[in-house]
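From first to last, the protein sequence lines are chains A and B.
For the first sequence, this note's numbering begins at 1 and goes up steadily by one.
For the second sequence, this note's numbering begins at 1 and goes up steadily by one.
The block underneath contains the structure these notes are about, expressed in structure tokens.
2 protein chains.
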Amino acid sequence: MKRKVTLKQIAKELDVSISTVSKALRNSKEISEDTRQKVQAFAKLYNYRPNNIALSLKNRKTKTIGIIIPEIVHHFFSKVIRGIELVANKRGYNVIVGLSNESFDKEVINMEMLANGSIDGFILSISKETLQQQDYHHFIETINQGMPIVMFDRVVDAINCDKVIVDDLEGAKKAVSKLISSGCENIGIITTRDYVSVGKLRTQGYLEALEEHKMNPKASLILKVVDQLLSEDHLDSLEKEVESLFKRNKNLDGIFAVNELYALTAMKVARKMHLRIPEDIQIIGFTDGVLSKHAVPSLTTVSQHGQKIGEKAAELLINNLEREDEEDVYETVIIETELIERESTK
Amino acid sequence: MKRKVTLKQIAKELDVSISTVSKALRNSKEISEDTRQKVQAFAKLYNYRPNNIALSLKNRKTKTIGIIIPEIVHHFFSKVIRGIELVANKRGYNVIVGLSNESFDKEVINMEMLANGSIDGFILSISKETLQQQDYHHFIETINQGMPIVMFDRVVDAINCDKVIVDDLEGAKKAVSKLISSGCENIGIITTRDYVSVGKLRTQGYLEALEEHKMNPKASLILKVVDQLLSEDHLDSLEKEVESLFKRNKNLDGIFAVNELYALTAMKVARKMHLRIPEDIQIIGFTDGVLSKHAVPSLTTVSQHGQKIGEKAAELLINNLEREDEEDVYETVIIETELIERESTK
DNA sequence: TTTCAACACGAAAACGTTTGCGCTAATGTT
DNA sequence: AACATTAGCGCAAACGTTTTCGTGTTGAAA
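Structure follows, in structure tokens:
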């Protein structure tokens with residue numbers, strides 16, 4: 001078991017100084033052709049690679065990006081990571097992942113762990129708990145220490161930084177407009193509580209779409225699901241809530257659900273009530289996950305292009321990191337949504 | 001924008017030496033109560049945190065684990081990561097992720113990037129391309145340099161290291177036995193080419209189960225799908241292959257599919273051919289992903305417990321890293337599979 | 001022969017820590 | 001009063017790099 005070879009070892013072996021070895025390897029012309037070749041041959045033989053940690057310490061940059069997401073077992077976030085990874089690697093960066101599990105404390109702890117030199121900047125999506133508590137001091141402190149942050153998807157106005165979001169409002173409008181133009185007259189929405197910004201915006205898009213088509217929103221058509229974070233019977237209670245939405249609106253002929261799971265649940269309930277999709281009721285979801293694609297009937301959905309979001313976020317961050325001048329102009333990039341029409345709509 | 005404060009700055013500010021500050025913060029009793037308090041107060045005020053990179057350099061360990069997986073947009077791998085992250089964080093480690101995208105070259109490059117000091121050890125699942133080429137020199141070199149590796153799911157005998165696998169053979173047997181005991185007499189299998197070890201083992205399990213029940217395997221019942229890595233029309237060609245399986249076996253009444261997607265495709269084809277599930281044909285998949293749970297009818301499946309795999313892998317690695325004695329005894333842990341019965345079987 | 005570049009290399013500092021050891025002054029012991 | 005102990009602190013090395021600034025040797029020009 002031979003440990004990794006260092007400059008010092010090469011130097012000793014070849015009876016030259018460390019500086020000479022370093023320069024020889026970097027093709028400095030201070031070094032004679034002779035020694036340069038000798039050193040390089042030796043280095044190749046022993047498979048020398050500079051120690052990243054030492055370089056990080058010296059350069060005061062790690063070439064590593066920290067990602068904090070609320071949950072990894074989730075197609076959207078996986079896709080975002082893939083996007084980040086893609087451009088990060090292309091530009092010589094590594095990616096280190098922290099999971100907040102939708103918890104404020106874990107978010108803070110994870111960020112603290114990474115902020116002490118391990119990474120050059122953050123890409124993150126805020127946990128639900130943090131959004132509820134509206135405590136953003138850890139973001140502010142991080143930024144104040146000179147470490148840039150890019151937020152995506154779940155962002156918050158209070159923090160001044162680069163952001164990548166989808167046009168939730170517009171996406172929702174597209175979806176609802178589609179339902180309307182396909183003949184729906186009583187469209188229900190299944191959404192989250194308002195503190196999740198994306199939920200709020202999508203609800204707003206729903207309302208605006210109705211308004212544009214001179215349709216009156218009815219309170220009974222709006223279902224704001226209370227989400228008990230990931231509990232086991234969450235699915236059951238969700239189903240019950242959706243069922244009551246169906247029951248109190250006998251003439252329901254369209255559903256806009258702000259995520260995939262809600263949409264699938266709606267499909268399930270519709271089936272239970274012997275409604276045909278899309279003949280009797282049409283359904284559109286949000287988030288282009290794998291469920292929508294393989295559902296039966298397959299689900300028309302508003303795609304968020306998670307990978308593109310990740311790519312863009314990584315670009316913003318790295319550009320910021322590598323920018324010479326220190327001017328802080330923050331950008332908010334909006335990734336267009338796309339309505340993917342499948343079998344659940346006419 | 002105040003940069004992170006260092007020992008040196010505190011020392012200068014308080015007019016003591018760096019060593020004094022360091023010792024004061026670590027509660028060394030070499031330092032007087034007086035200065036200790038002074039230093040600690042100052043440190044707290046300026047929110048001092050030791051620089052991880054410097055510590056890594058000094059201690060020659062990074063407290064970071066490198067994960068290399070073929071694909072992240074995949075429930076199984078996400079769950080494994082979650083498991084790893086869980087125990088890693090609990091034991092004070094961070095997690096850094098590299099994606100091979102099923103490519104040999106990317107696997108090698110990623111490992112090289114991480115191996116030069118960035119991490120203390122690897123947890124990985126081998127890419128398909130690597131398995132095909134059977135070129136494992138990068139694993140061997142890494143291990144030879146004293147960096148431990150834990151492999152999971154897709155492992156290979158040629159490499160001597162800790163491994164965490166599911167009992168693919170036994171899991172497959174469970175599934176097929178279930179089909180048999182539910183009355184199936186003509187059971188088809190949809191599997192991968194043999195170079196993917198898990199595919200091979202599951203096929204073997206299928207055969208053994210048949211044998212145990214005195215049933216003769218028929219070549220026409222075995223479909224080994226050629227997987228053109230992630231191409232767009234992969235789904236189409238997959239569907240055609242499955243369809244021909246159905247057509248050449250008119251009396252097919254059971255399907256064992258080695259992954260979720262194959263199982264779903266089988267369901268789709270069955271539906272197209274007007275076979276009722278589970279009355280006319282029963283289907284079982286492998287991998288407990290989200291698709292199986294939400295499919296209609298929901299899919300009976302062999303669960304692999306991805307999270308548990310991740311947890312175990314992290315434990316093995318960290319135990320190895322923190323072991324004092326240098327004896328190399330490698331373990332292969334088998335995680336039991338579990339048959340989750342849902343609606344696609346009787 | 002002296003002077004001066006050019007050449008080839010080495011010493012040392014720096015990045016931020018931790019820690020063994022040595023030093024000084026004060027205190028305690030005979 | 002002479003000596004030993006100890007508390008309290010600083011020096012310096014080490015981890016592995018890169019880079020600036022010397023410095024000694026050579027060869028050529030004067």
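Glycine included, each C-beta is placed from N, C-alpha and C at the ideal position.
Rounded separation between residue i and residue j - CA only
i: Gly205(B); j: Leu223(B); result: 15 Å
i: Ala110(B); j: Gly98(B); result: Looking at the sequence shown, residue 110(B) is not Ala but Asn. Looking at the two C-alpha atoms, the distance is approximately 6 Å.
i: Val290(B); j: Leu291(A); result: 8 Å
i: Phe122(B); j: Phe122(A); result: 23 Å
i: His274(B); j: Leu179(A); result: 30 Å
i: Asp135(B); j: Glu129(B); result: 9 Å
i: Leu229(B); j: Ile277(B); result: Confidence at Leu229(B) is low in this model, with a pLDDT of 48, below 50, so its placement is unreliable and no value can be given for it.
i: Tyr262(A); j: Leu169(A); result: 18 Å
i: Val73(A); j: Lys308(B); result: 14 Å
i: Leu14(A); j: Ala24(A); result: 12 Å
i: Ala314(B); j: Val333(B); result: 12 Å
i: Val329(B); j: Ile149(B); result: 13 Å
i: Ala358(B); j: Thr287(B); result: With chain B represented from 1 up to 346, any question about residue 358(B) goes unanswered, as that position is not in the structure.
i: Cys161(A); j: Lys312(A); result: 14 Å
i: Gly188(B); j: Glu338(B); result: 21 Å
i: Ala54(B); j: Pro217(A); result: 60 Å
i: Leu7(A); j: Arg60(B); result: 16 Å
i: Arg342(A); j: Ser298(A); result: 6 Å
i: Gln304(A); j: Leu201(A); result: 14 Å
i: Thr301(B); j: Gly199(B); result: 15 Å
i: Asp280(A); j: Ser182(A); result: 12 Å
i: Ala126(B); j: Gln132(B); result: One point to set straight first is that residue 126(B) is Ile, not Ala, in the sequence displayed. Those two C-alpha atoms are separated by around 10 Å.
Of the listed residues the options, nearest to residue i (C-alpha basis)
i: Ile159(B); options: Ala172(B), Thr142(B) and Gly171(B); result: Thr142(B)
i: Tyr46(B); options: Val296(B), Lys38(B) and Leu99(B); result: Lys38(B)
i: Arg49(A); options: Asn116(B), Arg193(B) and Lys23(B); result: Asn116(B)
i: Gly254(B); options: Glu322(B), Ser32(B) and Ile283(B); result: Ile283(B)
i: Ala88(A); options: Leu299(A), Lys268(A) and Thr62(A); result: Thr62(A)
i: Ser244(B); options: Ala270(B), Phe256(B) and His234(B); result: Ala270(B)
i: Ala43(B); options: Lys346(B), Ile10(B), Asn59(B) and Leu299(B); result: Ile10(B)
i: Lys272(B); options: Thr301(B), Leu299(B) and Glu239(B); result: Glu239(B)
i: Ile69(A); options: Arg91(A), Asp120(A), Leu124(A) and Ala257(A); result: Leu124(A)
i: Ala175(B); options: Thr203(B), Arg154(B) and Thr192(B); result: Thr203(B)
i: Val80(A); options: Asn144(A), Thr345(A) and Ile335(A); result: Ile335(A)
Cross-strand partners of residue i (DSSP beta bridge)
i: Glu338(B); result: Ser303(B)
i: Phe256(A); result: Ile189(A) and Ile284(A)
i: Val333(A); result: Val164(A)
Chain-ordered chain A contacts of residue i [CB-CB under 7 Å]
i: Thr62(B); result: Ile53
i: Leu264(B); result: His294
Residue range of the beta strand (DSSP E) that includes residue i
i: Val164(B); result: Asp162 to Val166
i: Leu124(A); result: Gly121 to Leu124
i: Ile69(B); result: Thr64 to Ile69
i: Gln145(A); result: Counting along the chain, Gln145(A) falls outside any beta strand (DSSP E), and DSSP gives it neither H nor E.
i: Val21(A); result: Here Val21(A) belongs to no beta strand (DSSP E); instead the alpha helix (DSSP H) covers Ile18 to Leu25.
i: Ile283(A); result: Gln282 to Phe286
i: Gly117(A); result: Unbroken run through Gly117(A): none, as it is neither H nor E.
i: Met151(A); result: Ile149 to Phe152
i: Ile222(A); result: Ile222 to Val225
Segment limits, alpha helix (DSSP H) that includes residue i
i: Gly205(B); result: Ser197 to Glu212
i: Thr191(A); result: Thr191(A) -> not in any alpha helix (DSSP H); beta strand (DSSP E) instead, spanning Ile187 to Thr192.
i: Leu99(A); result: No alpha helix (DSSP H) holds Leu99(A); the beta strand (DSSP E) holding it covers Asn94 to Leu99.
i: Gly83(B); result: His75 to Lys90
i: Ala11(A); result: Leu7 to Leu14
i: Ile53(B); result: Asn52 to Asn59
Within chain A, the residues that residue i reaches when beta carbons sit closer than 8 Å
i: Ser181(B); result: The contacting residues do not exist; Ser181(B) stays about 28 Å from chain A at best.
i: His274(B); result: In chain order: nothing, as chain A lies at least about 14 Å away.
i: Asn94(B); result: Ile96, Gly98, Met113, Leu114 and Ser118
i: Leu291(B); result: Val290, Leu291 and His294
Contact test: residue i Cβ vs the ligand COA heavy atom, cutoff 8 Å
i: Ile10(A); result: The ligand COA is absent from the structure shown, which contains no ligands of any kind.
Contact list for residue i against chain A, beta-carbon separation under 9 Å
i: Val87(B); result: Those within 9 Å of Val87(B) in chain A number zero; the least Cβ separation is about 12 Å.
i: Lys79(B); result: Ile72 and Val73
Amino acids of chain B, ordered along the chain, whose beta-carbon sits closer than 9 Å to that of residue i
i: Gly117(A); result: Lys4, Arg49, Pro50, Asn51, Asn52, Ile53, Ala54, Leu55 and Ser56
Neighbour list for residue i in chain B, Cβ cutoff strictly below 8 Å
i: Arg82(A); result: Ile72, Val73 and Leu99
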